[in-house]
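Taking it in order: structure first as C-alpha cells, then the write-up.
In the working numbering, the protein residues as written are -5 to 162.
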C-alpha cells in the first residue's frame, strides 16, 4: 500500500472549527479559545462544514487503496458520519477499541507503541461499535518512567521544570 499523496500529512487532528489539521500544527491559547466557542455536533455547520471540506479534499488526494484510520471513538455520529460519507470503506478503526472508553483507548495505544505492536483495523462501515467492555488493562511499569508518567532520566521537560521554565 502506498502512503499519503506527496505533500499530504499522514496524521490529522479533528478540530471543532478548522476541520482536519496537520497533527504537527502548533495550537495556542487563542486557538483553544476559538475551539471552545463551537459545540462538536453533526448538525452545527461551524463544525460540520470545515471537517466535510477537508475530508472531501483529502479523499480526492489519497490513492484509492489507502486506508484512513480513526483513532478515536467510533460510537458517535459527531465525526464518524462525515468521515464515512467521504472515505466510505476506506475508513477503519482498531477493533480493539470496541467497548473501550477514551482513557482505555489511550492506554492501549501507548502499550502498542511501546511494544511495537500494530492494532488490527476493521472497516467502520457496518461495524459493531458498542460492544462488550473488555477487561481492564493490567497495570504496567516501564523502565525509566516514574509513577507520574514522565521519564526522570533528564528529559527536556524535567530540565525545564527544575529551571522553572514552562514546558511546551
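Ideal Cβ positions, reconstructed from N, Cα and C, are used throughout, including at glycine.
Note that the coordinates shown come from a computational prediction; the quantities given were computed from them, not determined experimentally.
Host alpha helix (DSSP H) of residue 41 (start-end): By one-based count along the chain shown, residue 41 stands at place 47. Per DSSP, residue 41 belongs to the alpha helix (DSSP H) from 39 to 55.
Can we say the segment 27 to 39 touches the segment 61 to 69, given the rule of at least three CB pairs closer than 8 Å? Segment contact: the segment 27 to 39 against the segment 61 to 69, fewer than three CB-CB distances shorter than 8 Å; contact not assigned.
When you compare the CB positions of residue 118 and residue 58, do they come within less than 8 Å of one another, or not? Sequence index remark: in the chain shown, residue 118 carries index 124 (1-based). Sequence index remark: in the chain shown, residue 58 carries index 64 (1-based). Cβ atoms of residue 118 and residue 58: not closer than 8 Å.
For residue 71, which three-state DSSP category applies? Within the chain shown, the letter at position 77 stands for residue 71. Of the three classes helix, strand and coil, the one that applies to residue 71 here is helix, per DSSP.
C-alpha gap between residue 91 and residue 111, whole angstroms: On the chain shown, residue 91 is found 97 positions in, with the first residue counted as 1. On the chain shown, residue 111 is found 117 positions in, with the first residue counted as 1. Residue 91 and residue 111: Cα-Cα distance of roughly 15 Å.
Measure the C-alpha to C-alpha separation of residue 15 and residue 87 and round it to an integer number of angstroms. Here residue 15 is taken as the residue at index 21 of the chain shown, counted from 1. Here residue 87 is taken as the residue at index 93 of the chain shown, counted from 1. Cα to Cα, residue 15 sits roughly 19 Å from residue 87.
Starting from the C-beta of residue 93, find all residues in its chain whose C-beta is less than 7 Å away, skip the five residues before and the five after it, and write them out in chain order. Position 99 of the chain shown, counted from the first residue, corresponds to residue 93. Counting only residues of its own chain and dropping the five nearest sequence neighbours on each side, residue 93 has a CB closer than 7 Å to the CB of 125, 126, 127, 128.
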